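Q: Can you keep this structure in mind? I'll have questions shortly.
Residue numbers (the numbering used here): 495 to 825.
This is the structure:
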């Protein structure tokens with residue numbers, strides 16, 4: 495499986511500020527710990543996979559010629575937030591699982607000599623530093639194409655040659671999380687202690703269980719839950735819980751063996767949930783109620799909410815945005 499290395503870039507200053515949205519109910523100090531089962535041999539997670547082959551039809555016509563992952567939240571595209579989150583967690587190898595028309599996404603992490611020279615000539619050093627800071631180091635960014643739209647499980651399988659025999663992270667750029675600590679770093683901390691597969695979860699209304707992969711929980715301390723099974727998009731009346739998986743995963747490399755064997759599931763696609771479920775008897779599986787606020791940027795309202803929330807989180811914009819919102823609500 496061929497991977498395309500991008501042109502030489504320099505290491506960015508991954509010093510983004512991570513804030514927790516108000517209302518977080520997590521209180522780790524008061525929770526009964528869940529003990530790991532068996533021997534734990536966790537290895538450092540160095541690689542992240544970004545499935546970005548989707549067409550973004552819900553945002554047409556905006557996404558007709560622009561990848562949906564390049565849609566900006568304030569002044570940064572979704573994919574940049576995802577890469578920065580992974581890098582802030584200590585991950586230093588990145589692979590994009592792309593499709594047709596995703597060239598601008600890869601170009602975003604490459605040099606643009608003409609623009610860089612122009613900014614330098616005009617003395618716009620702050621903007622230049624910001625631009626250069628968006629690029630990971632040389633030889634750390636790769637891409638491979640998902641040639642058939644066979645679902646998230648198939649997209650993850652396309653990263654097999656890149657990942658090798660290592661645990662790895664998966665980040666879906668559509669799910670944007672505003673938090674003090676990077677969401678994926680929270681998962682890595684659980685993985686280090688518990689081993690196995692770890693996913694980010696949140697409670698959803700029962701009538702929306704048919705939109706998510708849902709955990710069948712056997713043990714839960716209020717922060718970390720151990721699952722005995724998973725169901726992809728169950729109807730509300732048969733859902734084993736309302737604990738839904740969002741787009742952050744830390745997975746063991748054994749997932750690839752199961753992705754190769756799993757039959758097409760919901761929607762006629764190869765479901766990552768089905769492969770994870772097939773591993774549960776042999777590999778621990780935990781869901782983490784992460785700290786932070788998630789925005790579904792694959793949805794128009796969620797995307798608008800993310801722009802407002804991230805603008806309010808910025809000192810240089812907060813007052814002006816509050817004033818603007820006040821004008822809207824006063825009408």
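All C-beta atoms in this analysis are idealised placements derived from N, C-alpha and C, irrespective of residue type, glycine included.
Given the structure is predicted, the values throughout are model-derived calculations rather than measurements.
Taking buried to mean at least 16 other C-beta atoms within 10 Å of its own C-beta, is residue 673 buried or exposed?
A: Walking along the chain shown from the start, residue 673 turns up at place 179. With 16 or more other Cβ atoms within 10 Å, it is buried.
Q: Given a cut-off of 8 Å on the beta-carbon distance, is the pair residue 691 and residue 746 in contact?
A: On the chain shown, position 197 is the one that residue 691 refers to. On the chain shown, position 252 is the one that residue 746 refers to. It is a contact, given that the beta carbons lie within the stated cut-off.
Q: Just the Cα atoms here: how many angstroms apart are residue 667 and residue 556?
A: Against the chain shown, residue 667 aligns to sequence position 173. Against the chain shown, residue 556 aligns to sequence position 62. Approximately 17 Å, taken between the alpha carbons.
Q: Within 8 Å, do at least three Cβ pairs link the stretch 695-706 to the stretch 578-586?
A: no
Q: Closest by CA to residue 714, which one among 641, 600, 782?
A: As a working note, residue 714 is residue 220 in the chain shown. The shortest C-alpha separation from residue 714 is found at 782.
Q: With DSSP collapsed to three states, give me the class of residue 787.
A: Taking the first residue of the chain shown as 1, we reach residue 787 at position 293. In the structure shown, residue 787 sits in a strand (DSSP, three-state: E or B).
Q: Curious, which full-length beta strand (DSSP E) runs of at least 3 residues does the stretch 606-672 contain?
A: 635-639, 662-665, 669-672
Q: Pull up the CB-CB distance for residue 564 and residue 599, whole angstroms please, since I reckon it's below 8 Å.
A: In the chain shown, the residue the question calls residue 564 occupies position 70. In the chain shown, the residue the question calls residue 599 occupies position 105. With 8 Å as the limit, residue 564 and residue 599 qualify as a contact, their Cβ atoms being about 6 Å apart.
Q: Within the stretch 723-784, note down every full alpha helix (DSSP H) run reaching 4 residues or more, in order along the chain.
A: 749-755, 766-773
Q: Which value, in whole angstroms, describes the spacing of the CA atoms of residue 619 and residue 662?
A: As a working mapping, residue 619 is identified with position 125 in the chain shown. As a working mapping, residue 662 is identified with position 168 in the chain shown. Our two residues, residue 619 and residue 662, have alpha carbons roughly 36 Å apart in a direct line.
Q: Could you check if residue 594 belongs to the surroundings of the ligand NAD, using beta carbon to heavy atom distance under 7 Å?
A: The ligand content of the structure shown is nil, which means the ligand NAD is not present either.
Q: Helix or strand or just coil, what does DSSP make of residue 570?
A: Translated into the one-based positions of the chain shown, residue 570 becomes position 76. Looking at residue 570 - three-state DSSP - the assignment turns out to be strand.
Q: Output the distance between the C-alpha atoms of residue 680 and residue 785, rounded to the nearest integer angstrom.
A: Stepping through the chain shown from its first residue, residue 680 is reached at position 186. Stepping through the chain shown from its first residue, residue 785 is reached at position 291. Looking at the two C-alpha atoms, the distance is approximately 8 Å.
Q: May I ask you to verify whether the stretch 616-635 touches the stretch 643-661, counting CB pairs closer than 8 Å and requiring at least 3?
A: no
Q: Between which two residues does the alpha helix (DSSP H) holding residue 815 run?
A: Walking along the chain shown from the start, residue 815 turns up at place 321. Segment 812-824, the alpha helix (DSSP H) holding residue 815.
Q: Among 762, 709, 722, whose alpha-carbon lies nearest the alpha-carbon of residue 776?
A: Taking the chain shown and counting its residues from 1, the one referred to as residue 776 is at position 282. With distances taken between Cα atoms, residue 776 lies closest to 722.
Q: Can you tell which of 733, 641, 750, 742 has the C-alpha that lies nearest to the C-alpha of residue 547?
A: For the purposes of this step, residue 547 is taken as residue 53 along the chain shown, with counting starting at 1. The shortest Cα separation from residue 547 among 733, 641, 750, 742 belongs to 641.
Q: Is residue 586 helix, strand or coil when you go by DSSP?
A: Position 92 of the chain shown holds residue 586. In this structure, residue 586 counts as coil in the three-state DSSP scheme.
Q: Determine which residues share a DSSP beta bridge with residue 554 and list them.
A: Within the chain shown, the letter at position 60 stands for residue 554. Bridge partners of residue 554: none, in fact.
Q: Using the three-state DSSP reduction, which class does residue 717 fall into: helix, strand or coil?
A: Your numbering for residue 717 matches position 223 in the chain shown. Reduced to three states, the DSSP call for residue 717 is coil.
Q: According to DSSP, is residue 542 helix, strand or coil?
A: Position 48 of the chain shown, counted from the start, is the residue given in the question as residue 542. Note: residue 542 maps to strand in three-state DSSP.
Q: My assumption, with CB atoms under 8 Å, is that residue 790 sits in contact with residue 742. Please give the rounded CB distance.
A: As a first step, residue 790 is located in the chain shown; it is residue number 296 there, counting from the start. As a first step, residue 742 is located in the chain shown; it is residue number 248 there, counting from the start. No, residue 790 and residue 742 are not in contact; Cβ-Cβ is about 13 Å, not under 8 Å.
Q: Give the DSSP-derived three-state secondary structure of residue 592 in the structure shown.
A: If you number the chain shown from 1, residue 592 lands on position 98. Here residue 592 sits in strand by DSSP.
Q: Can you give the Cα-Cα distance for residue 656 and residue 639, rounded to whole angstroms?
A: Residue numbering aside, residue 656 sits at position 162 when the chain shown is read from its first letter. Residue numbering aside, residue 639 sits at position 145 when the chain shown is read from its first letter. When rounded, the distance between both Cα atoms is 12 Å.
Q: Taking the CB atoms as reference points, tell me whether residue 795 and residue 664 lie closer together than 8 Å.
A: As a first step, residue 795 must be located in the chain shown, where it is residue number 301. As a first step, residue 664 must be located in the chain shown, where it is residue number 170. Not closer than 8 Å, so no.
Q: Report the residue from 752, 568, 554, 558 whose alpha carbon sits nearest the alpha carbon of residue 815.
A: Here residue 815 refers to the residue found at position 321 of the chain shown. When 752, 568, 554, 558 are compared, the shortest CA-CA separation from residue 815 is found for 568.
Q: When DSSP labels each residue in this structure, what does residue 517 get in the three-state scheme?
A: As a first step, residue 517 is located in the chain shown; it is residue number 23 there, counting from the start. Because the pLDDT at residue 517 is just 36, under 50, the model does not fix this residue reliably, and the point stays unresolved.
Q: State the CB to CB distance for the pair residue 748 and residue 773, rounded to an integer number of angstroms; the pair is presumed to be in contact (CB under 8 Å).
A: Here residue 748 refers to the residue found at position 254 when the chain shown is read from its first residue. Here residue 773 refers to the residue found at position 279 when the chain shown is read from its first residue. Indeed they touch by this definition, with Cβ atoms about 6 Å apart.
Q: Which residues in the same chain have their Cβ closer than 8 Å to the Cβ of residue 622, if we skip the five residues on either side of it in sequence?
A: Position 128 of the chain shown, counted from the start, is the residue given in the question as residue 622. So the list reads 610, 613, 614, once near-sequence residues are dropped.
Q: Do residue 589 and residue 637 have their C-beta atoms closer together than 8 Å?
A: Residue mapping note: residue 589 aligns to position 95 of the chain shown, counting from 1. Residue mapping note: residue 637 aligns to position 143 of the chain shown, counting from 1. Yes, they are a contact pair.
Q: Applying the 10 Å Cβ sphere with the 16-neighbour rule, what's the burial state of residue 541?
A: If you number the chain shown from 1, residue 541 lands on position 47. So residue 541 counts as buried.
Q: Keeping to the same chain, check which residues put their C-beta closer than 6 Å to that of residue 550; ignore five residues upstream and five downstream.
A: Reading the chain shown from its first residue, position 56 is the one you call residue 550. Around residue 550: 557, 562.
Q: On the premise that residue 730 lies in contact with residue 701, defined as a C-beta separation below 8 Å, what is that separation, rounded to the nearest angstrom?
A: To locate residue 701, count along the chain shown from 1; it is residue 207. To locate residue 730, count along the chain shown from 1; it is residue 236. Residue 701 to residue 730, Cβ: 5 Å. Contact.
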